[in-house]
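Protein chains in written order, with our numbering: chain A, 96 to 344; chain B, 217 to 473.
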Amino acid sequence: MSRILLLRIAIVAIAIAIWEGLARAHAFGPTLSVPPTVMFATMIAALLDGRLLPDVGRTAAEIALAYGIALLIGLPLGVILWRSRVLATAIEPYLLAYYVIPLFAFYPLFIKIFGAGIAPIVAIGVINGIGAITMNVLVGLREIPRVQLALARSLMLRPAQTLVHVVIPATVPQAFVGLRLGFIYSLIGVIAAEFILATAGVGYRIAFAYNNFESKIMFATILLVLIVSIACNQVLISIERRLALYRRA
Amino acid sequence: MNARRKNLIRLASIVAVILLWALFARILTEEFLPGPLLTLQVIEQGFSEGWLWKATLTTLSEVIPAFAIAAAVGLFFGAVLGLSKMWGEVFEPLIIGVYAVPKVTLYPIFLLVFKVGAASKIAFGMFHGVFPIQIIAQSAIANMRPVYLKVARSLNLSPAQTLVHVVMPALIPSLVVGLRLAFSLTFIGVVLGEIFASRGGLGFLLSAADQTFDVKRVNAVIVILAVLGVGVNLFFNMLERRVAPVSGSERQATLAG
């Protein structure tokens with residue numbers, strides 16, 4: 096196992112070293128030849144002198160808001176679809192086809208409905224997140240073993256007790272997959288929306304730097320987004336693994 | 217619930233969505249939100265005047281090569297990493313890490329490398345689509361039941377026969393799922409690329425219509441995008457049912473995951 100980890104680290108290190116060497120030799124032309132060490136240094140400097148902080152704060156607020164609303168809509172929707180077979184039959188085809196349509200294509204309509212500012216950006220984050228949350232909550236609820244629900248009935252558990260002792264423990268591992276994906280998809284939706292229509296935020300900052308040939312700050316901001324999103328995903332995946340183990344135990 | 221009742225409910229839900237759209241259009245006025253009929257007229261007009269055809273063909277001419285390259289590259293690396301347990305384990309978290317990244321942040325790099333034309337959209341779409349195929353192919357090959365290969369050996373099949381009669385049938389069901397997910401992501405990647413910076417295609421048409429406040433065209437493009445996305449997805453769903461006894465819950469899980 097440790098050999099595998101070493102190999103993994105070695106591969107990443109070698110790839111970065113080759114990139115560093117090529118960039119220092121200006122092998123990619125003037126705009127693209129930013130060495131990884133310079134990207135990293137620029138990122139740290141921009142964070143310390145506060146240049147990036149307003150954008151980071153705004154994007155974080157948009158993602159938090161979008162994810163919060165997606166949860167508020169997506170979780171109850173999953174429960175409702177589990178309870179009502181008619182509604183589930185009616186809505187499930189839309190859920191299955193949810194991510195095959197480029198959802199951010201709705202942005203002109205969102206601008207019309209919500210005006211300028213952060214509302215249409217948050218809206219894209221919301222619709223991007225809801226599908227994964229609802230779908231996985233529904234799948235999780237459907238996978239509750241019938242015998243457990245029957246047991247709860249024969250023990251005459253009150254609805255609240257059934258919820259706490261049967262439904263939630265049986266559903267959480269699968270539902271958490273939806274919570275993780277919902278977060279990632281909300282994040283992707285917000286940043287994609289910022290690219291297209293924002294006047295602030297990290298997505299806007301990257302697009303602005305690209306349009307103005309400021310490659311150093313562009314790469315530094317890209318690096319920041321990559322580090323933060325990979326870190327978030329890793330934390331969520333490790334929680335998910337633990338929950339899955341707990342289910343098997 | 218029997219199949220007939222199910223189909224009836226689904227039909228009713230489609231009708232309900234269209235009626236809701238028409239209702240909102242009526243309340244908000246058609247200038248604010250063109251309704252279904254007006255949108256259909258604009259689409260018809262777009263096809264007869266040619267601008268919608270041109271944009272659709274441009275987008276497809278980017279999506280198809282991007283998808284083909286994603287499928288080939290994904291299959292190749294999926295096979296290589298699926299056959300070697302060690303290298304598979306070494307690369308798996310790296311690949312999943314890159315897969316979870318908001319790829320749109322990297323689009324400026326694609327633009328700088330491949331310029332604003334079709335090449336950057338093809339590369340960006342391919343970058344979206346390659347991961348599901350690679351990940352699914354790797355796990356399908358790594359998890360193929362050893363007994364299949366044992367049977368092939370005991371029947372003295374040649375390597376080519378083993379590939380055609382044992383390996384391929386065992387993998388095809390998962391691969392079709394991978395191709396379906398890959399197509400959706402490739403399509404989304406290409407359209408996003410077109411919206412952000414391009415000179416043609418449905419995404420370009422959408423952002424141009426947005427900038428001139430032409431909601432009728434915006435709606436027309438959204439409908440075409442939805443029809444393309446859903447249509448191809450249905451095609452792959454049919455293919456899945458034909459090739460594969462993959463269970464329903466498994467298919468849902470892969471879609472969501």
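Beta carbons are placed, not taken as given, at the ideal position from N, Cα and C, and that holds for glycine. Keep in mind that this is a model prediction, so the values were computed, not measured.
Item to check | H89/A in three-state terms, based on DSSP | outcome: With chain A running from 96 to 344 in the structure shown, residue 89/A is simply not present.
Checklist entry - the stretch 349 to 361 of chain B: which residues have C-beta closer than 8 Å to a C-beta of chain A, in chain order? => result none
Checklist entry - According to DSSP, is R146/A helix, strand or coil? => result To locate residue 146/A, count along the first sequence from 1; it is residue 51. Three-state DSSP puts R146/A in coil, outside helix and strand.
Next on the checklist: Please list, in chain order, the chain A residues whose beta carbon lies closer than 8 Å to that of L422/B.
Outcome noted: Here residue 422/B is taken as the residue at index 206 of the second sequence, counted from 1. Going along chain A in sequence order, the residues near L422/B (Cβ under 8 Å) are A200, P203.
Checklist entry - Since G341/B and G405/B are thought to touch, with beta carbons under 8 Å apart, how far apart are those beta carbons, to the nearest angstrom? => result Locating residue 341/B in the second sequence gives position 125, where the first residue counts as 1. Locating residue 405/B in the second sequence gives position 189, where the first residue counts as 1. Confirmed, Cβ separation roughly 4 Å.
Item to check | Three-way DSSP call (helix, strand, coil) for P375/B in this model | outcome: Translated into positions along the second sequence, residue 375/B becomes position 159. P375/B falls in the helix class under three-state DSSP.
Checklist entry - Rounded to a whole number of angstroms, what is the C-alpha to C-alpha distance between M230/A and Y189/A? => result Working through the first sequence from its first residue, we reach residue 230/A at position 135. Working through the first sequence from its first residue, we reach residue 189/A at position 94. Those two C-alpha atoms are separated by around 10 Å.
Next on the checklist: Helix, strand or coil, according to DSSP, for S229/B in the structure here?
Outcome noted: Here residue 229/B refers to the residue found at position 13 when the second sequence is read from its first residue. Reduced to three states, the DSSP call for S229/B is helix.
Next on the checklist: Nearest by alpha-carbon distance to T266/A: which of E289/A, R275/A, R237/A, I283/A is it?
Outcome noted: To locate residue 266/A, count along the first sequence from 1; it is residue 171. The residue with the shortest Cα to Cα distance from T266/A is R237/A.
Checklist entry - Is it buried or exposed for W269/B, if we count other Cβ within 10 angstroms and need 16 for buried? => result As a position in the second sequence, residue 269/B is number 53, starting the count at 1. W269/B should be labelled exposed.
Checklist entry - So V392/B and L455/B are in contact, right, with Cβ under 8 Å, and what is the actual spacing, rounded? => result Translated into positions along the second sequence, residue 392/B becomes position 176. Translated into positions along the second sequence, residue 455/B becomes position 239. So it is a contact: roughly 5 Å between Cβ atoms.
Next on the checklist: Whole angstroms are fine: how far does the CA of N372/B sit from the CA of L274/A?
Outcome noted: Looking up residue 274/A in the first sequence gives position 179. Looking up residue 372/B in the second sequence gives position 156. L274/A and N372/B: Cα-Cα distance of roughly 49 Å.
Item to check | V221/A beta carbon less than 8 Å from that of A270/A | outcome: Here residue 270/A refers to the residue found at position 175 when the first sequence is read from its first residue. Here residue 221/A refers to the residue found at position 126 when the first sequence is read from its first residue. No, the Cβ-Cβ distance between A270/A and V221/A is not below 8 Å.
Item to check | Residue span of the alpha helix (DSSP H) that contains S264/B, given as start and end | outcome: As a first step, residue 264/B must be located in the second sequence, where it is residue number 48. 252 to 265 is the extent of the alpha helix (DSSP H) around S264/B.
Next on the checklist: Helix, strand or coil, according to DSSP, for S310/A in the structure here?
Outcome noted: If you number the first sequence from 1, residue 310/A lands on position 215. Reduced to three states, the DSSP call for S310/A is helix.
Checklist entry - From what residue to what residue does the alpha helix (DSSP H) around H344/B run? => result Taking the first residue of the second sequence as 1, we reach residue 344/B at position 128. From DSSP, the alpha helix (DSSP H) with H344/B extends over 334 to 358.
Item to check | Given 8 Å, three or more beta-carbon pairs between the stretch 283 to 296 of chain A and the stretch 249 to 264 of chain A | outcome: no
Item to check | L224/B, buried or exposed, once every other Cβ within 10 Å from all chains shown has been counted against 16 | outcome: For this step, residue 224/B is matched to residue 8 along the second sequence. When all chains shown are included, L224/B counts as exposed.
Next on the checklist: Just to check my reading of the structure: L441/B and I196/A have Cβ atoms closer than 8 Å, yes? What is that Cβ distance to the nearest angstrom?
Outcome noted: For the purposes of this step, residue 441/B is taken as the residue at position 225 of the second sequence. For the purposes of this step, residue 196/A is taken as the residue at position 101 of the first sequence. The pair is a contact, with the Cβ atoms about 6 Å apart (cut-off 8 Å).
Item to check | Separation of I168/A from V233/B, as counted between CA atoms | outcome: Translated into positions along the second sequence, residue 233/B becomes position 17. Translated into positions along the first sequence, residue 168/A becomes position 73. When rounded, the distance between both Cα atoms is 19 Å.
Item to check | At least three beta-carbon pairs within less than 8 Å, the stretch 249 to 267 of chain B to the stretch 298 to 318 of chain B | outcome: no
Item to check | E305/B to N359/B span [Cα, whole Å] | outcome: Here residue 305/B is taken as the residue at index 89 of the second sequence, counted from 1. Here residue 359/B is taken as the residue at index 143 of the second sequence, counted from 1. Going from the Cα of E305/B to the Cα of N359/B covers about 13 Å.
Checklist entry - Which class does V317/B belong to by DSSP, given the choice of helix, strand or coil? => result Numbered from 1 along the second sequence, position 101 holds the residue referred to as residue 317/B. It is coil, neither helix nor strand.
Checklist entry - Where does L249/B fall in DSSP's three states? => result Residue mapping note: residue 249/B aligns to position 33 of the second sequence, counting from 1. In this structure, L249/B counts as coil in the three-state DSSP scheme.
Checklist entry - Is I311/B close to chain A, meaning its C-beta is less than 8 Å from at least one C-beta of that chain? => result Numbered from 1 along the second sequence, position 95 holds the residue referred to as residue 311/B. Output row for I311/B: interface = no.
Item to check | Neighbour flag for N223/A against chain B, beta carbons, 8 Å | outcome: For the purposes of this step, residue 223/A is taken as residue 128 along the first sequence, with counting starting at 1. N223/A does not count as touching chain B.
Checklist entry - Taking the alpha carbon of I301/A as the point to measure from, which residue in F240/B, F412/B, T402/B, I357/B has its own alpha carbon closest? => result On the first sequence, residue 301/A is found 206 positions in, with the first residue counted as 1. The residue with the shortest Cα to Cα distance from I301/A is F412/B.
Checklist entry - Three-state secondary structure (DSSP) at F429/B? => result Numbered from its first residue, the second sequence carries residue 429/B at position 213. Coil at F429/B, not helix or strand.
Checklist entry - Ends of the alpha helix (DSSP H) at L391/B? => result Position 175 of the second sequence, counted from the start, is the residue given in the question as residue 391/B. Per DSSP, L391/B belongs to the alpha helix (DSSP H) from 384 to 412.
Item to check | the stretch 378 to 393 of chain B in contact with the stretch 240 to 249 of chain B per 3-pair CB rule at 8 Å | outcome: no
Checklist entry - With C-beta atoms as the reference, is G284/A less than 8 Å away from F199/A? => result The residue labelled residue 284/A in the question sits at position 189 within the first sequence. The residue labelled residue 199/A in the question sits at position 104 within the first sequence. In this structure, F199/A lies closer than 8 Å to G284/A by Cβ.
Item to check | Best match in L395/B, L421/B, P281/B, M302/B for proximity to R103/A [C-alpha to C-alpha] | outcome: Start at 1 with the first residue of the first sequence, and residue 103/A comes out as number 8. Among L395/B, L421/B, P281/B, M302/B, the Cα nearest to that of R103/A belongs to M302/B.
Item to check | Start-to-end residues for the alpha helix (DSSP H) that takes in Y364/B | outcome: For this step, residue 364/B is matched to residue 148 along the second sequence. Element bounds for Y364/B: 362 to 370.
Next on the checklist: Using a Cβ distance threshold of 8 Å, determine whether the stretch 422 to 438 of chain B contacts the stretch 275 to 295 of chain B, with at least three qualifying pairs required.
Outcome noted: no
Checklist entry - Is the shortest distance between the beta-carbon of S300/B and the beta-carbons of chain A less than 8 Å? => result For this step, residue 300/B is matched to residue 84 along the second sequence. No, no contact with chain A.
Next on the checklist: For A141/A and K337/B, what's the separation of their Cα atoms in angstroms?
Outcome noted: Numbered from its first residue, the first sequence carries residue 141/A at position 46. Numbered from its first residue, the second sequence carries residue 337/B at position 121. If I take the Cα positions, the gap works out to 31 Å.
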